[in-house]
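Here the protein sequences line up with chains H and V, keeping their order. Residue 71 in the UniProt record's numbering sits at position 71 of the first sequence, and the numbers go up by one each step. Residue 109 in the UniProt record's numbering sits at position 109 of the second sequence, and the numbers go up by one each step. Note that beta-carbon positions come from the ideal geometry of N, C-alpha and C, so glycine has one too. Since this is a predicted model, take the numbers as computed values, not measurements.
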Amino acid sequence: MVREAEPSLNEKQFVLRALKDGLRTDGRRPYDFRSIQISFLSEYGHVQIQLGRTRVTRVSAKVTAEVVRPRPDKPTEGLLLFNTEISPMASPAFEIGRPSEEEVLISRTIEKALRRSRAVDTEGLCIVAGEKVWSIRVDLHFFDHEGNLVDCASIAAITALLHFRRPDVTVIGEEVTIHPMDQRNPVPLSVHHIPICVSFSFFADGELLVVDPSIIEEQIREGDMTIAMNIHKEICALSKAGGIPLEMDQIIRCSKIATTKTAEITELIQKALADDKAQRQSK
Amino acid sequence: MKRSDGRTEPSQLRAFAASQSLLNRADGSAKFSFGESTVIASVVGPAEVKIRDEKMDEATVEVIVRPAVGFPSTKDKLLERALRQTVEPTILAGMMPRTLIQIVVQIVQEDGNMLSTAVNAISLAMLDAGLPMNSLAAAVSAIIDQEGNLLLDPNSKELENASSVHTFAFDNTTSYNLLLSHCIGTYSQEQYLDCLDACKHASERVHSFIRTAVEKRIEKEYQQLQSS
């Protein structure tokens, strides 16, 4: 349907020439991340993340839990599901029911970074083996697309998972009691590590690179790469789907940048969580 | 009479809250809440329309509802249809032939009354987008509970105990026409008319709230323009 308007030749040249001088159109340096704003809504596990100040990429994540029967091949494991369908609210270029290549890539990257890296302990979600397990679902809502939806969505998803509390359960024999939130303190999920996605865009045959691309940079880039890393400097997922071939040195440089960015973002998330906790206790 | 969320009157509405122009990619956007029930609506248009949806003499209005949790279900499709039929008559679609007006409704938090919350959010978003309109829709819901009491703006707890649920939307012309009447359950003619009357009075309050919200925003923008 409506396609994203392509930047004009002049705009392209302007952005590229500025990049050669180490400048970006929004005033950042090439390795700068946009400012990240984390806000918690009234329910546990409902978080909104904003990247930037005026032209904002905005994603919210909502975590919910329900009790289901486990998969027959994994009777002791709970389920972790992600819903990353992007609505046309983010940008009219996204269509309902027909995911674009960009959308598929975003959801696969999130899935790999958070589920396949075993960030959440799924065995801890088991209530009665083979009978009852918790199914945790993360619904991501994309509100505004101003570039770099992946990083914004990954921060939203992991922050929401860290913030979420599920009702407490007691099992006596076959009897399972789920305690309502107001009767017994709800329990947090056990999260092993915090993977953070850091995206890069490459220009001028891979010589120039920027962190956290804006929408115009995404439109004119020659290649891109997303590294999901945790604070222990472990790469959880690395996605380089097409684009220009990169030198090995370049990839190593990117992963070094990702290490510092991950440390900064993790600290930010933990501070936001601690602030929210203090605020909730004082109420 | 005490209601489950602390309200004291059956005709008392929960606190309204609204914000406008909160998204940057959409042409117009707004958030509207009745207490905990919150909805964000965005409007894009007039934009390019798919050939199969194109109407030669007017704009095509499309409403998409996104639930807070999970994938859109039949319930959301029903909501889409009701919303489209409610807001379509308020848009001067004849002024924008062969174009698309796309409205996306994202449910943020559900606590009953979603249909009326969404109608009000869309009205504000359309105002924000600057669409040509002939009037403004505002909606309020009411229930008749098992004991036969009429309760306005029910929350989800009260909805469980409802014998019938009614949602009405009105425009703000001098004749205050009915745009939507959506009723579920069994009820008598008198009960229906009582609900209609109560919702009509309540939606006048919503209309005046929307008016103040828009006035305040324009005033603020004007002051910012003068100070810069």
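With distances taken Cα to Cα, identify the nearest neighbour of N149 of chain V among V:S11, V:T173, V:D5 and V:K157.
V:S11
Residue of H:R28, H:K283, H:F33 and H:R253 minimising C-alpha distance to G206 of chain H
H:R253
Other residues of its chain near T159 of chain H: CB distance less than 8 Å, five sequence neighbours each side excluded:
I38, V47, I49, A61, I269, A272 and L273
Three-way DSSP call (helix, strand, coil) for K31 of chain V in this model:
strand
List, in chain order, every chain V residue whose beta-carbon is nearer than 8 Å to that of E146 of chain H.
N24 and R25
Which partner residues does P188 of chain H have in the DSSP bridge list?
H:R165
What would DSSP say about E175 of chain H, mapped onto helix, strand or coil?
strand
Bridge-paired residues (DSSP) for Q109 of chain V
V:T38
Between which residues of its own chain and T38 of chain V is the CB-CB distance below 6 Å, once the five residues before and five after are set aside?
V108 and Q109
What do you reckon, are the CB atoms on L79 of chain V and A121 of chain V nearer than 8 Å?
no
Residues that I64 of chain V contacts on chain H, provided the C-beta gap is smaller than 7 Å
S87, P88 and I96
With DSSP as the reference, label K94 of chain H as helix, strand or coil.
The question names Lys, yet the displayed sequence has Phe at residue 94 of chain H. In the structure shown, F94 of chain H sits in coil (DSSP, three-state: anything other than H, G, I, E or B).
Can the beta-carbon of E158 of chain V be found less than 8 Å from the beta-carbon of L151 of chain V?
yes
Which runs of the alpha helix (DSSP H) fall wholly inside the stretch 87-151 of chain H and span at least 4 residues, in chain order?
101-111
In angstroms with no decimal places, state the Cα-to-Cα distance between R7 of chain V and L13 of chain V.
8 Å
Per-residue burial, P70 of chain H [other beta carbons within 10 Å of its own, 16 or more giving buried]
buried
Could you work out which residues of chain H lie near F71 of chain V, taking near to mean beta carbons separated by less than 8 Å?
N83 and E85
Could you give the C-beta distance for P89 of chain V and L179 of chain V, rounded to a whole number, given that I count them as a contact under 8 Å?
6 Å
Can you tell me the Cβ-Cβ gap for I196 of chain H and M229 of chain H, rounded? I've got them flagged as a contact below 8 Å.
6 Å
Opening and closing residue of the beta strand (DSSP E) in which H193 of chain H lies
Where H193 of chain H is concerned, there is no enclosing beta strand (DSSP E), given that its DSSP letter is neither H nor E.
Within the continuous beta strand (DSSP E) that includes D145 of chain V, where are the two ends?
A138 to D145
DSSP-derived helix/strand/coil call for T173 of chain V
coil
What residues match up with D224 of chain H in a beta bridge as DSSP calls it?
H:S201
According to DSSP, T60 of chain V sits in a beta bridge with which residue or residues?
V:L100
The alpha helix (DSSP H) spanning V59 of chain H covers which residue range?
Premise fails: V59 of chain H lies in the beta strand (DSSP E), T57 to V68, not in any alpha helix (DSSP H).
With DSSP collapsed to three states, give me the class of S181 of chain V.
strand
Could you check where the beta strand (DSSP E) with H207 of chain V kicks off and where it finishes?
That residue, H207 of chain V, is in no beta strand (DSSP E); its alpha helix (DSSP H) goes Q189 to S227.
Is C183 of chain V near the ligand NAP, going by C-beta to nearest heavy atom under 7 Å?
With respect to the ligand NAP, the structure shown offers nothing to examine, as it has no ligands at all.
Does the separation of the CB atoms of L124 of chain V and Q224 of chain V fall below 8 Å?
no
Counting only beta-carbon separations shorter than 8 Å, does V44 of chain V have a partner in chain H?
yes
Where the alpha helix (DSSP H) containing V119 of chain V begins and where it ends:
M114 to A129
Where V15 of chain H falls: helix, strand or coil (DSSP)
helix
When you compare the CB of S91 of chain H with every CB in chain V, is at least one pair closer than 8 Å?
yes
Test: K62 of chain H CB closer than 8 Å to a CB of chain V:
yes
State the Cα-Cα distance for the pair I184 of chain V and M96 of chain V, rounded to the nearest angstrom.
35 Å
Residues near residue 296 of chain H by beta carbon distance below 6 Å, same chain, minus five either side
Here chain H comprises residues numbered 1 to 283, so residue 296 of chain H is not present and cannot be evaluated.
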